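Residue numbers (UniProt numbering): 1 to 347. Each residue gets a CB set at the ideal place from its N, CA and C atoms; glycine is no exception. In this text, all values refer to a predicted model and were calculated from it rather than measured experimentally. Worksheet: the structure to be examined is printed underneath.
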């Protein structure tokens, strides 16, 4: 793909576990065979769902800040290579870079680090479940703070269901406190970071002429710089990569190169072939794969209320995003209706 193809993907982003994706609301196919996009769709669910496993492995040897620094730097390098291949370029306007300072902090540096701290205390599968609460945080902020969305009855019902699911996942009837509860709050805080970044970028960056890939690469570069300053002050100098075990090195590479770089390209392809709305439903696969991978690879187990709460959360997200609405009939004459893009994330 050349420059023209890359710039077709504009800036409605999302942050499933810190991943970003460009979506153009006017760019959707009329019809694509299932076999053309389903393999990439499933691959994306596996990649993003497995990210929580890699975080769990990484924090076994690395401070969460150091893990975040390494993975973000790897992701930035990967996207810069993709930019060069597609002959795209980084933003040049100082105003855009100023906004990226905010988006990089709340959409990358803070949530990635909080998930690392959280997974020192909770199971990776539980972190994957908390990641699915992102849309429930995005909606009230988008309505009340950034004024980029409006609250409807349907969205309010979905929001209420979602937060009921959050309480079930937390198991509030068992009492609060302890390191496990603290870890869950850290994962919820990570989702809240995404909740700030998504409506912020929609308000201040969605109208720029730069591709989603360009802005994502720039965002990761800014986050790398932020972490390079903060990590040594808080956690000391990061260890040399040569001193890390192969599983940890592999986890860093998977989180950065695979989870951010390759996954971004796959997601853009899914949007092009299946449309933004269909591509966005990968949101519902991520916690499923996170639970499966955590159980099979790490032998993790959950109490009954955590998967039940996760199901309630996903139902709430689906209601809020209009997944259960009846489809409007396709016009027989006149200009075909273009489906509106739904954010891929709940990230």
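Here's the rule: buried if 16 or more other CB atoms are within 10 angstroms of the residue's CB, otherwise exposed. What is residue i?
i: residue 130; result: buried
i: residue 123; result: buried
i: residue 106; result: buried
i: residue 152; result: exposed
i: residue 35; result: exposed
i: residue 246; result: exposed
i: residue 279; result: buried
i: residue 111; result: buried
i: residue 211; result: buried
i: residue 145; result: exposed
i: residue 236; result: exposed
With respect to the alpha helix (DSSP H) encompassing residue i, which residues constitute its N-terminal and C-terminal limits?
i: residue 250; result: 246-253
i: residue 111; result: 110-119
i: residue 164; result: 153-170
i: residue 125; result: 124-131
i: residue 211; result: Here residue 211 belongs to no alpha helix (DSSP H), and DSSP marks it neither H nor E.
i: residue 306; result: 305-320
i: residue 68; result: 64-86
i: residue 41; result: 34-58
i: residue 97; result: 94-104
i: residue 134; result: 134-144
i: residue 197; result: 178-204
When the Cα atoms are used, what is the spatial distance from residue i to residue j?
i: residue 377; j: residue 142; result: This structure gives no information on residue 377, because the portion of the chain shown stretches from 1 to 347.
i: residue 316; j: residue 66; result: 35 Å
i: residue 238; j: residue 232; result: 7 Å
i: residue 209; j: residue 93; result: 11 Å
i: residue 301; j: residue 120; result: 16 Å
i: residue 82; j: residue 90; result: 12 Å
i: residue 32; j: residue 225; result: 41 Å
i: residue 97; j: residue 220; result: 11 Å
i: residue 137; j: residue 264; result: 23 Å
i: residue 269; j: residue 295; result: 30 Å
i: residue 133; j: residue 185; result: 12 Å
i: residue 324; j: residue 177; result: 37 Å
i: residue 47; j: residue 260; result: 9 Å
i: residue 266; j: residue 147; result: 31 Å
i: residue 192; j: residue 313; result: 15 Å
i: residue 140; j: residue 194; result: 13 Å
i: residue 292; j: residue 57; result: 16 Å
i: residue 163; j: residue 242; result: 44 Å
i: residue 95; j: residue 322; result: 34 Å
What does a CB cutoff of less than 8 Å around residue i pick up in its chain, not counting 5 residues either side in sequence?
i: residue 297; result: 53
i: residue 99; result: 200, 201, 204 and 205
i: residue 288; result: 45 and 49
Spatial neighbours of residue i within its chain, please: CB distance less than 7 Å, with the 5 preceding and 5 following residues excluded, ordered by chain position.
i: residue 319; result: 154, 157, 158 and 161
i: residue 253; result: 74
i: residue 117; result: 64 and 186
i: residue 149; result: 139, 142 and 143
Considering only residues of the same chain and omitting the five flanking positions on each side of residue i, which have a CB-CB separation below 6 Å?
i: residue 256; result: 71, 74 and 75
i: residue 207; result: none
Residue i CB to nearest chain D CB: under 7 Å?
i: residue 212; result: Protein chain content of the structure displayed is limited to a single chain, and chain D is not contained in it.
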